[in-house]
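Quick note: to get my numbering, add 4 to the position in the sequence shown (first position is 1). Since the structure comes first, as structure tokens, the remarks are kept for the end.
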Amino acid sequence: MKRTCRNAAREVCAGKTAATNRAGKIAVRPLVLSAFMGAVSAVLMAMEFPVPLAPGFVKMDFSDLPVILGGFIMGPLAGMRIIAVKIGLSFLLKGTVTMGVGELANMIGSVSYMLPAVLLYRRWHTRRGAVLSLAAATACAAASALLYNLFLIFPVYARLYGMSMDSIVAMARVASPWVTDLFSMMLLSMLPFNLFKYASVSVIAFFVYKRLRRLLKGWSD
Numbered sequence: 005m006k007r008t009c010r011n012a013a014r015e016v017c018a019g020k021t022a023a024t025n026r027a028g029k030i031a032v033r034p035l036v037l038s039a040f041m042g043a044v045s046a047v048l049m050a051m052e053f054p055v056p057l058a059p060g061f062v063k064m065d066f067s068d069l070p071v072i073l074g075g076f077i078m079g080p081l082a083g084m085r086i087i088a089v090k091i092g093l094s095f096l097l098k099g100t101v102t103m104g105v106g107e108l109a110n111m112i113g114s115v116s117y118m119l120p121a122v123l124l125y126r127r128w129h130t131r132r133g134a135v136l137s138l139a140a141a142t143a144c145a146a147a148s149a150l151l152y153n154l155f156l157i158f159p160v161y162a163r164l165y166g167m168s169m170d171s172i173v174a175m176a177r178v179a180s181p182w183v184t185d186l187f188s189m190m191l192l193s194m195l196p197f198n199l200f201k202y203a204s205v206s207v208i209a210f211f212v213y214k215r216l217r218r219l220l221k222g223w224s225d
């Protein structure tokens with residue numbers, strides 16, 4: 005009888021240990037996937053390129069694609085982890101030529117794009133919901149970029165490099181002849197650029213998301 009009880013106790017303990025190990029593996033998987041997607045995002049961030057009619061000090065990249073896909077698949081916290089990995093690895097891969105100002109702008113832009121999209125999509129988890137959430141996130145990110153560039157990024161950049169805001173406007177005028185002052189630069193140059201950037205990411209994300217989710221089934225839970 006005692007032996008039977010001991011055997012039963014061992015089986016219970018073994019079952020609990022196995023369950024704990026499985027739970028541990030499941031908990032680690034999203035972290036590993038977040039790190040991987042953050043690394044991909046950092047590589048895409050390094051592959052930036054200029055866009056016609058956009059100011060020379062802004063560059064186009066698709067680093068927000070893994071961010072939005074990871075957020076859709078795993079949730080907003082995973083999206084934040086991917087952004088953190090992206091920015092951290094970007095410093096390691098290529099350093100900074102803007103004293104961190106460019107990376108700060110990229111981080112704020114990623115958050116202002118990812119959070120609205122993911123939160124709205126979690127509420128309306130349909131194909132139509134995906135379209136609406138991506139459209140809303142594109143508008144939100146582009147509008148937010150006007151505010152943080154105007155009141156934070158450009159003033160800090162100008163102060164760090166001993167420039168005036170007029171100098172930044174002059175740099176934008178080289179690519180966009182219709183830019184005459186700060187207001188026209190934000191409205192006619194920065195706003196179209198950010199709308200194009202986030203709309204491009206949104207279109208790709210819409211067509212890639214379902215396939216990627218099926219491919220990563222089991223890793224995102």
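Every residue, glycine too, gets a C-beta built ideally from N, C-alpha and C. Quick caveat, the model's predicted, so the values are computed rather than measured.
field: Cβ-Cβ separation, GLY79 to VAL122 (assumed contact under 8 Å), whole Å
entry: Numbered from 1 along the sequence shown, position 118 holds the residue referred to as residue 122. Numbered from 1 along the sequence shown, position 75 holds the residue referred to as residue 79. Rounded, the Cβ-Cβ distance is 7 Å, consistent with contact.
query: Mind checking whether ALA46 and ILE112 have CB atoms under 9 Å apart?
result: Stepping through the sequence shown from its first residue, residue 46 is reached at position 42. Stepping through the sequence shown from its first residue, residue 112 is reached at position 108. Inclusion of ALA46 and ILE112 in the CB contact set at 9 Å is not warranted, their separation being larger than that value.
- request: Let me know the secondary structure DSSP gives MET64 once reduced to three states.
  value: For this step, residue 64 is matched to residue 60 along the sequence shown. MET64: strand per DSSP, three-state reduction.
- request: Return the CA-CA distance between ALA39 and LYS63, expressed in angstroms with no decimal places.
  value: In the sequence shown, residue 39 corresponds to position 35, counting from 1. In the sequence shown, residue 63 corresponds to position 59, counting from 1. Taking the straight line from one Cα to the other gives about 24 Å.
query: Curious, which full-length alpha helix (DSSP H) runs of at least 4 residues does the stretch 123-185 contain?
result: 131-152, 158-164 and 169-179
Sequence-distant residues of its chain with Cβ nearer than 7 Å to LEU57 (five each side left out): Numbered from 1 along the sequence shown, position 53 holds the residue referred to as residue 57. ALA179 and SER180.
- request: Assign LYS214 to buried or exposed, taking buried as 16 or more other Cβ atoms, counted over all protein chains shown, within 10 Å of its Cβ.
  value: Counting from one through the sequence shown, the residue named residue 214 turns up at place 210. Exposed, because fewer than 16 other Cβ atoms sit within 10 Å of the Cβ of LYS214.
task: Tell whether a beta-carbon distance below 9 Å holds between SER148 and SER193.
output: The count along the sequence shown starts at 1 and reaches residue 148 at position 144. The count along the sequence shown starts at 1 and reaches residue 193 at position 189. Not closer than 9 Å, so no.
query: Between the stretch 101-111 and the stretch 71-86, are three or more C-beta pairs nearer than 8 Å?
result: no
- prompt: Is it true that the CB of ILE208 sits closer than 9 Å to the CB of MET189?
  reply: For the purposes of this step, residue 189 is taken as the residue at position 185 of the sequence shown. For the purposes of this step, residue 208 is taken as the residue at position 204 of the sequence shown. The answer is no: Cβ separation not under 9 Å.
message: So, under 8 Å CB-CB, ALA141 and SER206 are touching, yes? Tell me the CB distance rounded to an integer number of Å.
response: Looking up residue 141 in the sequence shown gives position 137. Looking up residue 206 in the sequence shown gives position 202. Going by Cβ atoms, the distance from ALA141 to SER206 rounds to 7 Å, so yes, they are a contact pair.
- prompt: Apart from the five residues just before and just after ARG218, which ones in its own chain have a Cβ nearer than 6 Å to its Cβ?
  reply: The residue labelled residue 218 in the question sits at position 214 within the sequence shown. Excluding positions up to five away in sequence, the list is empty.
query: Between ASN198, LEU220 and VAL212, which lies nearest to PRO54 when the distance is taken from Cα to Cα?
result: Taking the first residue of the sequence shown as position 1, residue 54 is located at position 50. Measuring from the Cα of PRO54, the nearest candidate turns out to be ASN198.
query: ALA82 to ALA203, Cα distance in whole Å?
result: Here the question's residue 82 lines up with position 78 in the sequence shown. Here the question's residue 203 lines up with position 199 in the sequence shown. Looking at the two C-alpha atoms, the distance is approximately 22 Å.
message: Just list the residues that DSSP pairs PHE210 with in beta bridges.
response: Position 206 of the sequence shown holds residue 210. DSSP lists no partner for PHE210.
task: Confirm, please, whether the CB-CB distance from SER94 to ALA31 is below 9 Å.
output: The count along the sequence shown starts at 1 and reaches residue 31 at position 27. The count along the sequence shown starts at 1 and reaches residue 94 at position 90. Not a contact, by the Cβ cut-off of 9 Å.
message: For PHE53, list the residues DSSP reports as bridge partners.
response: Position 49 of the sequence shown, counting from 1, holds the residue named residue 53. In the DSSP output, where bridge partners are listed per residue, PHE53 has MET64.
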